[in-house]
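Worksheet for the structure shown next.
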Amino acid sequence: MLDIRILRQNLDLVRRKMQERGQKIDLDAFAALDGKRRDILQEVEALRNERNTVSKEIGEKKKRKEDASAIIARMGEVSARIKVLEDALNQAEEDLRNLLLTIPNLPHESVVCGAGSEDNPVIRSWGEKPAFDFKPRPHWEIGESLRILDFACGAKITGARFTLYRGLGALLERAIINFMLDLHTSEHGYTEVLTPFMVNRASMTGTGQLPKFEEDLFRVDKTDYFLIPTAEVPVTNIHRDEILAEKDLPVRYVAYSPCFRAEAGSYGKDTRGLIRQHQFNKVEMVKFTVPENSYDELEKLTANAEEVLRRLGIPFRTVSLCTADLGFSAAKTYDVEAWMPGQDAYREISSCSNFEDFQARRASIRFRRGEQGKVEFVHTLNGSGLAVGRTVVAVLENGQQADGSVLIPEALRSYMKGIDRIPPARVA
RNA sequence: GGAGAGAUGGCUGAGUGGCCGAAAGCGAUCGCCUGCUAAGCGAUUGUACGCCCCUUAAAGGUGUACCGCGGGUUCAAAUCCCGCUCUCUCCGCCA
Numbered sequence: 079m080l081d082i083r084i085l086r087q088n089l090d091l092v093r094r095k096m097q098e099r100g101q102k103i104d105l106d107a108f109a110a111l112d113g114k115r116r117d118i119l120q121e122v123e124a125l126r127n128e129r130n131t132v133s134k135e136i137g138e139k140k141k142r143k144e145d146a147s148a149i150i151a152r153m154g155e156v157s158a159r160i161k162v163l164e165d166a167l168n169q170a171e172e173d174l175r176n177l178l179l180t181i182p183n184l185p186h187e188s189v190v191c192g193a194g195s196e197d198n199p200v201i202r203s204w205g206e207k208p209a210f211d212f213k214p215r216p217h218w219e220i221g222e223s224l225r226i227l228d229f230a231c232g233a234k235i236t237g238a239r240f241t242l243y244r245g246l247g248a249l250l251e252r253a254i255i256n257f258m259l260d261l262h263t264s265e266h267g268y269t270e271v272l273t274p275f276m277v278n279r280a281s282m283t284g285t286g287q288l289p290k291f292e293e294d295l296f297r298v299d300k301t302d303y304f305l306i307p308t309a310e311v312p313v314t315n316i317h318r319d320e321i322l323a324e325k326d327l328p329v330r331y332v333a334y335s336p337c338f339r340a341e342a343g344s345y346g347k348d349t350r351g352l353i354r355q356h357q358f359n360k361v362e363m364v365k366f367t368v369p370e371n372s373y374d375e376l377e378k379l380t381a382n383a384e385e386v387l388r389r390l391g392i393p394f395r396t397v398s399l400c401t402a403d404l405g406f407s408a409a410k411t412y413d414v415e416a417w418m419p420g421q422d423a424y425r426e427i428s429s430c431s432n433f434e435d436f437q438a439r440r441a442s443i444r445f446r447r448g449e450q451g452k453v454e455f456v457h458t459l460n461g462s463g464l465a466v467g468r469t470v471v472a473v474l475e476n477g478q479q480a481d482g483s484v485l486i487p488e489a490l491r492s493y494m495k496g497i498d499r500i501p502p503a504r505v506a
C-alpha cells in the first residue's frame, strides 16, 4: 500500500509511475473519495463532540435531580444523525482502502523503464557454461531415464504439473534444501523458521497477494485459508501488527516451504518438466530493515542467493527487472537466472526484491527509532535462496555426462551419503 | 466435536453505565540527590485520523476514535445484550 500522502500531494508522480509499469489504474476516483471521507469525518467529529459535552451535562443535571428530558430528546436526534454519518464514513473509508490496496508499488528510481522481460538489463554473469561433446538433454529426459523423476505418476496421483521424485531424485531434492538452509543460517546470519503452509486472508493481504490475485492461489474449501504460494507470506507476517526495536534490526529469516500456485493464465507455458509446477519446494530469505539500509540489504540478499549457485558451480546471470516486469508489491527486483544447457537458456531460479514500506504499511510492521523515538514502518525484503525444483533442474542439466549419469556438485555430496554421481539406470 | 474460563497500555493488573485514555505496580527516559554502587525523590512515558498554526515537514494547540473483532441497547458503553475470533482448562478423537 502506498502512503496516502503521496497520492494527496503528488498524484501526477503516481500516475507516471503506473504508466511506466504499463498498468492501467484509475486514479481519478482517488481525490473525490478522499475529499468525501474528510468532509464526512469533520461533520461526524463535530457532532460527536457535541454529544460528549452534552452527555456530561446530562449526567450532572441528573445528579442534581434536575429535569433533562428536553436535551435528552435533542441528543437522541444527534445520535441518530451520527449513526447515519458513521455508516457513510465507514463506506467511504472502505472504498478508499480498497482503491489503495489495488495500486502497485512505485518502482525505485534505479529501475529501468521497459516494456517487458527483454528490457531487463543484465547486471552481472558468473561461471563458465559447460561444454558438451554431445547434445545436452533437458532435465525431463535425464530425470526419466535415471528413474528419479516420474511426471506421469505425478499426473496420475494428482494431475498436470505435479511430479513424483524417486530414490536419488528425492534425496537430491532433500539434500539441496538442507544445503541451502545450512549455508544461510551458518554463514549468512539468517534464523531458520518453519511456518504454517496455510495462511489466513489477513496474511495474504499483508504481503500483497490479496485482494488482487486470488485466482493465482489455492483456497482451502470450507475455510478462508489459502495454501501459501511462497514462504514470503507466513514469514513476513511473523511481525504483522508489531513494533520492533531498532536495535533488533535487521531481522533475517530463512524458511523452507512447499509453495502452491494455481498458475492461472500460464496454460501451455513450460508444460514439460519441473520448471512450472503447482507444488514446488523453495528456501526463502526474508529481511526486515530500517529504511535507510534497505537497498544495501537488497544487494546482500541477492549475493546470498547467488552464493548458492557459486557453491554448486552452476553458471548464472543476474538481471534487474524493468518497470514492466516488476511484481505488484516490489520497488526493485533482481532475478538470478541459472544456466540450463538442456534448454539452452537462462531460467529464473531466484527473485530478490525490496518492497520498501509497501508490505509494512499493509501489514502494519513498524519499528521504534532508538529507545523512545518515533514509530516508523520497516522495509521488507525477500528472495528465493533458491527455488529447489529448479535447482535440481540446473544440477541435472549442468552435471549430465555422456554415459547418461549426472555428476553431483561437491557441495552436495556430504548431504547425499557421499555419492558423487547419479548412475544410469540399469536397463530393465 | 462437547463443556467451562478468559482477552484492558511495553509488561503485570484494577476497573459492572457518566468524574476512564483508563488506578496501582513494574519497566523505560530525563532531572535531582548521592564518596561509588544500590536505594530515594520529582517529572515524563500509547497509536491513528481530522482541524488550527505554518512555505512543506516537525514542534505546538485542539478535536475525534481506539480496553480482542463486529453489531445492538442508551442522552451516554472498557462496563449491559448478541454474534465472531483467539487463548487456557477438562472430556472425546487423533499423528
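In our numbering, the protein residues as written are 79 to 506.
Ideal Cβ placement from N, Cα and C applies to all residues, glycine included.
Exercise for review: Might you give, ordered along the chain, the residues of its own chain that have their beta carbon closer than 6 angstroms to the beta carbon of L80, omitting 5 neighbours on each side?
Suggested key: I181
Review point. So which of Q437, V298, V386, V466 has the shortest CA-CA distance to P336?
Key: V466
Review point. I think T469 touches I427, with their Cβ atoms under 8 angstroms apart; what is that distance to the nearest whole Å?
Key: 6 angstroms
Point to revise | Supposed contact pair A402 and D197 - C-beta distance, whole angstroms, cut 8 angstroms | key: 7 angstroms
Review point. Buried or exposed: which applies to K347, given that a residue is buried once 16 or more other Cβ atoms fall within 10 Å of its Cβ?
Key: exposed
Exercise for review: Measure the Cβ-Cβ separation of F275 and I306 and say whether it is below 8 angstroms.
Suggested key: yes
Practice item. Please name the residue in P502, K95, F338 whose C-alpha comes closest to that of V189. Key: K95
Practice item. Flag this pair as touching only if the stretch 288-298 and the stretch 209-217 have three or more C-beta atom pairs under 8 angstroms; answer yes or no. Key: no
Point to revise | Three-way DSSP call (helix, strand, coil) for H186 in this model | key: coil
Exercise for review: Would you tell me roughly how many angstroms separate the C-alpha atoms of T367 and L272, rounded to the nearest one?
Suggested key: 21 angstroms
Review point. Where F394 and L261 are concerned, what is the direct C-alpha to C-alpha distance, given to the nearest angstrom?
Key: 18 angstroms
Practice item. Could you please give the first and the last residue of the uninterrupted beta strand (DSSP E) stretch that includes P336? Key: 329-338
Check your understanding: S492 to I392, Cα distance in whole Å?
Key -> 18 angstroms
Exercise for review: Report all residues from its chain with a CB closer than 8 angstroms to the CB of R444; omit the five preceding and five following residues, and keep chain order.
Suggested key: E320, I321, L322, A438, V453, E454, F455, V456
Exercise for review: Could I get the ranges of all uninterrupted beta strand (DSSP E) runs contained in the stretch 191-260, with 3 residues as the minimum, in chain order?
Suggested key: 200-204
Check your understanding: So, do the stretch 160-167 and the stretch 125-132 have three or more beta carbon pairs nearer to each other than 8 angstroms?
Key -> yes
Review point. Span of the beta strand (DSSP E) holding Y373?
Key: Not the beta strand (DSSP E): Y373 falls in the alpha helix (DSSP H), residues 372-390.
Review point. Beta-carbon separation of E375 and R239 under 8 angstroms?
Key: no
Practice item. Below 8 angstroms on the Cβ atoms is my guess for K365 versus R330; work out the distance and round it to an integer in Å. Key: 5 angstroms
Check your understanding: What's the C-alpha gap between D211 and D228?
Key -> 27 angstroms
Check your understanding: The beta strand (DSSP E) with A416 in it runs from where to where?
Key -> 410-418
Point to revise | Own chain partners of L490 with C-beta closer than 8 angstroms, once the 5 adjacent residues on each side are dropped | key: L250, A253, I254, F257, L390, V473
Point to revise | Boundaries of the alpha helix (DSSP H) in which M282 is found, first to last residue | key: 279-285
**Study point:** Distance between beta carbons of E475 and G405, contact taken as under 8 angstroms
**Key:** Between E475 and G405 the Cβ distance is about 27 angstroms, and since that is not below 8 angstroms, they are no contact.
**Study point:** Endpoints, beta strand (DSSP E) assigned at T269
**Key:** 269-271
Practice item. Note down, in chain order, each residue of its chain lying with its Cβ closer than 7 angstroms to the Cβ of Q355, except the 5 sequence neighbours on either side. Key: R239, F240, T241, G467
Check your understanding: In whole angstroms, what separates the C-alpha of A166 from that of R152?
Key -> 22 angstroms
Practice item. Apply the 10 Å Cβ neighbour rule to E488 and answer buried if 16 or more other Cβ atoms are within range, or exposed otherwise. Key: exposed
Exercise for review: On the DSSP bridge assignment, give the partners of G467 in chain order.
Suggested key: G467 is not bridged to any residue.
Check your understanding: For S264, which option in T411, N382, S407 has the closest C-alpha, if you only look at C-alpha atoms?
Key -> N382
Exercise for review: Take G156 and list the residues in its own chain whose beta-carbon comes closer than 7 angstroms to its own, dropping the five residues that flank it on each side.
Suggested key: Going by the sequence as given, residue 156 is Val instead of Gly. These residues qualify, in order along the chain: L125, E128, R129.
Exercise for review: With a cut-off of 8 angstroms on the beta carbons, I'd call V311 and Y268 a contact; round off their distance for me.
Suggested key: That pair is no contact at about 17 angstroms.
Practice item. Out of R142, L485, I84, A209, state which residue places its alpha-carbon closest to the alpha-carbon of D422. Key: A209
**Study point:** Pick from R244, E377, Y373, L259 that is closest to G334, judged by C-alpha positions
**Key:** Checking the displayed sequence, the identity of residue 334 turns out to be Tyr instead of Gly. Comparing Cα-Cα distances from Y334 to each of R244, E377, Y373, L259, the minimum goes to L259.
Point to revise | Under 8 angstroms between C-beta atoms of S223 and A409 | key: no
Review point. What number of angstroms, rounded off, separates the C-alpha of G343 from the C-alpha of V132?
Key: 60 angstroms
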